[in-house]
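Here the sequence shown is numbered in numbering that gives the first Met the number 0, starting from 0 and rising by one per residue.
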Amino acid sequence: MKIHHIKLDPSSKTALEALISVAQTDTGQAKVCADFLLAWHNPDENGGFAITDLWGLDAELADACTKVFQWLCEHSVYPDELGYGDEMKLIWTRWRSHA
C-alpha cells in the first residue's frame, strides 16, 4: 500500500499512537481501542464500533478516540496509508484472528 502524502498533526499523531499502544495490551480498554481502530481499518471485515463502548474508556483514551475521529472527518485515509499497517496487523492478530 502506498504511503499517503497527508500527515497527522502532532496532537492527532499522539492520540493515534496512544490508542495503538493500548490496543496491543490485554485490558478491557484495550479491546475498545482495538475495536475503534479496526473499524477504521476495515469495518466490513472487523465489525463496526459501538459509540457506547466509549463509556468503558478513561477520559484520556476517550479524548484520543475523539481526536482521531475528528481528524478522520477531514482526511480520507486509512491507517496503513499513514505508515501504521504493521501495527494494525498486530492488533488484528491479537483481537480478531481467532474469532
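Note that beta-carbon positions come from the ideal geometry of N, C-alpha and C, so glycine has one too.
From a predicted model like this one, the values you see are computed outputs, not experimental measurements.
Whole-Å CB distance - residue i paired with residue j, under 8 Å assumed
i, j, result
"alanine 95", "leucine 37", "Note that residue 95 corresponds to arginine in the displayed sequence, not to alanine. Yes, they are in contact, since the Cβ atoms of arginine 95 and leucine 37 sit about 7 Å apart, within 8 Å."
"valine 76", "isoleucine 5", "5 Å"
"cysteine 64", "leucine 71", "In fact, because the Cβ distance is near 10 Å, the residues do not count as touching under 8 Å."
"leucine 18", "leucine 7", "In fact, because the Cβ distance is near 12 Å, the residues do not count as touching under 8 Å."
"glutamine 23", "leucine 89", "6 Å"
From the options, residue whose alpha carbon lies closest to that of residue i
i, options, result
"alanine 49", "Leu60, Asp43, Asp34 and His97", "Asp34"
"glutamate 59", "Asp8, Gly82, Thr13 and Leu7", "Thr13"
"asparagine 41", "Leu89, Pro78, Ser11 and Glu73", "Pro78"
"asparagine 45", "Trp54, Leu53, Thr51 and Cys32", "Cys32"
Three-state class that DSSP yields for residue i in the structure shown
i, result
"alanine 38", "helix"
"alanine 49", "coil"
"valine 76", "coil"
"glutamine 23", "coil"
"glycine 84", "helix"
"arginine 95", "coil"
"leucine 7", "coil"
"aspartate 57", "coil"
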